[in-house]
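Colleague: One structure follows; several queries about it will come next.
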Amino acid sequence: MGMIGGGPGAFIGPIHRIAAEMDREIELVAGAFSSDAGRSRAAAETYRIDPERAYPSMEAMFAGEKARGDGIDFVAIVSPNYHHLPAARAALAAGLPVLSDKPATSTYAEAQELAGHVAAAGLPYGLTHTYSGYPLVREARARIAAGALGTVRKVVVEYPQGWLAGEASGKQAEWRTDPARSGPGGCIGDIGTHAFQLAEFVTGLQVTQLLADLGAVVPGRLVDDDCSVLLRFENGARGVLLASQIEVGEMNGLRIRVYGDKAGLIWKQEVPNTLTINTLDGRTEIVHAGGSQLGPDAASRTRTPTGHPEGYLEAFANIYRDFAAVLRGEQAPLLPGIDTALRGMAFIATAVAASRDANDGKAGWVKLTV
């Protein structure tokens, strides 16, 4: 693997390295970690790779690695949103598959352009919607698909954080609240897309309409930091998506509840090793990660016995495991790809536009079109 981004001070770069290497199928060997050559080499020392394979630009990395007999097989893009399209476009043109951080691009128009490049290159493209890698998220999806809940009626997905309740300070906060680097969506693009993808992934249903209220609560902020979105799914089910980064005291409280006409289920990211299922007759089933009652997909994505907690890093590693399978020519149907990328960016664009229209007195349900 070669990495684009992830230089000194980056949060997600080290996460990618750990996740990629957990199952010993992938190794980070090169990177354009920073446009500053010295910082790129400093990152290489942190990642414990050959400093000669730390490049000052992605173009230099593509050329340098192509000249080697042991050059990289794909790239992971871990830079800010505005850089995702040029990095993916350049990598695909260089003949390299891409695994990208989400959201896929800054705008929906860019995502459409990206889809064209992916199709033209005919190479694998994946998106790191990490939460879909949790074993019990996949178990929830499998049970809903098998009819355990009956007909899905209601979906509630929440992603509360509090780290941007005050003034943005530090590298991560600064670029995420800058529309030139994050795109037009702030909170809705950063964590709202995770909630949206989780809702569609778990239920197996697509959102067809939405009604959005996005706000920049902190004075002077140029992108939204608090989001409330009503959803309607293709089967007629109703949903609620709440995403906020100004809820003081909240850390990373992603949670989803799905209710059918036979049962309901609850999963919480901060308590990821249990899935609760409540049935219409009053019974409650607690499903544990690593337990014997898991289906084949969830079981195959669990590394330790019941009672030994697994979490974010292992879920992230499951995304990399799926991508490695695709690179070997195998099937990995649950890996988020370019279709997920397009839906996520369409969701951001639709929610931002719908909220703006609502503030202009033109409130109403808006069709989500990809």
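full-length UniProt numbering applies: residue 1 is where the sequence shown begins, and numbers increase by one.
Even for Gly, the Cβ is constructed at its ideal location relative to N, Cα and C.
1) Can you tell me which of the three DSSP states GLU113 falls into?
2) On the CB-based measure, 16 or more other CB atoms within 10 Å of its CB, does SER244 come out buried or exposed?
3) Contact defined as beta carbons within less than 8 Å: I believe VAL202 pairs with VAL137. What is the distance between those atoms, to the nearest angstrom?
4) When you compare the CB positions of VAL287 and VAL155, do they come within less than 7 Å of one another, or not?
5) When the Cα of ASP213 is compared with those of TRP163, PHE11, ILE348, which residue comes out closest?
6) Helix, strand or coil, according to DSSP, for ALA212 in the structure here?
7) Across which residues does DSSP place TYR125 in a beta bridge pair?
8) Cβ of ARG41 within 7 Å of Cβ of GLY7?
9) In this structure, does DSSP put ASP281 in helix, strand or coil?
10) Using the three-state DSSP reduction, which class does TYR320 fall into: helix, strand or coil?
11) Please state whether the Cβ-Cβ distance between GLY162 and VAL248 is less than 7 Å.
12) Taking the alpha helix (DSSP H) that VAL137 belongs to, which residues open and close that run?
13) Within the region 50-108, note down every full alpha helix (DSSP H) run reaching 4 residues or more, in order along the chain.
14) Tell me whether ILE26 sits in a helix, a strand or coil according to DSSP, three-state version.
15) Taking the straight line between their C-alpha atoms, what separation do you get for ALA54 and VAL78?
16) With a threshold of 7 Å on Cβ separation, who are the neighbours of LEU275 within its own chain once the five nearest residues in sequence on each side are excluded?
17) Distance, Cα to Cα, GLY183 vs SER300?
18) Between GLY344, ASP339, ASN318, LEU342, which lies nearest to ALA19 when the distance is taken from Cα to Cα?
19) Per DSSP, VAL155 forms a beta bridge with which residues?
20) Just how far apart, CA to CA, sit PHE33 and GLU330?
21) Tell me where the alpha helix (DSSP H) around ASP357 begins and ends.
22) Please confirm whether ALA341 and ALA111 have their CB atoms less than 7 Å apart.
23) Taking the alpha carbon of GLY147 as the reference point, which residue from ARG255, GLY260, PRO80 has its own alpha carbon closest?
24) I'd like to check one pair, LEU254 with TYR159: are the Cβ atoms closer than 7 Å?
Modeller: This is what the structure holds:
1) The DSSP-derived three-state label of GLU113 is helix.
2) Per the 10 Å Cβ criterion, buried.
3) That belief holds up - the Cβ atoms of VAL202 and VAL137 are roughly 6 Å apart, short of 8 Å.
4) No, Cβ-Cβ distance for VAL287 and VAL155 is not below 7 Å.
5) When TRP163, PHE11, ILE348 are compared, the shortest CA-CA separation from ASP213 is found for ILE348.
6) ALA212: strand per DSSP, three-state reduction.
7) TYR125 is bridged by DSSP to VAL98.
8) Cβ atoms of ARG41 and GLY7: not closer than 7 Å.
9) In the three-state DSSP reduction, ASP281 falls in the coil class, being neither helix nor strand.
10) Looking at TYR320 - three-state DSSP - the assignment turns out to be helix.
11) Yes.
12) Looking at the DSSP string, the run of the alpha helix (DSSP H) that includes VAL137 is 135-145.
13) Taken in chain order, the unbroken stretches of alpha helix (DSSP H) that lie wholly in the region 50-108 and span 4 residues or more are 58-66, 84-93.
14) Collapsing the DSSP output to three states places ILE26 in coil.
15) Going by the C-alpha atoms only, they are around 15 Å apart.
16) For LEU275, same chain residues with a beta-carbon under 7 Å away, outside a window of 5 residues either side, are LEU136, GLU139, ALA140, LEU265, TRP267, VAL287 in chain order.
17) Spanning the two alpha carbons is a distance of roughly 37 Å.
18) Ranked by Cα distance from ALA19, the options GLY344, ASP339, ASN318, LEU342 are led by ASN318.
19) Listed as beta-bridge partners of VAL155 by DSSP are GLY239, VAL258.
20) If you take the alpha carbons of PHE33 and GLU330, they lie about 30 Å apart.
21) Boundaries of the alpha helix (DSSP H) harbouring ASP357: 338-359, taken from the DSSP string.
22) Yes, Cβ-Cβ distance for ALA341 and ALA111 is below 7 Å.
23) Ranking ARG255, GLY260, PRO80 by Cα distance to GLY147 puts GLY260 first.
24) For the 7 Å CB-CB criterion, TYR159 and LEU254 form a contact.
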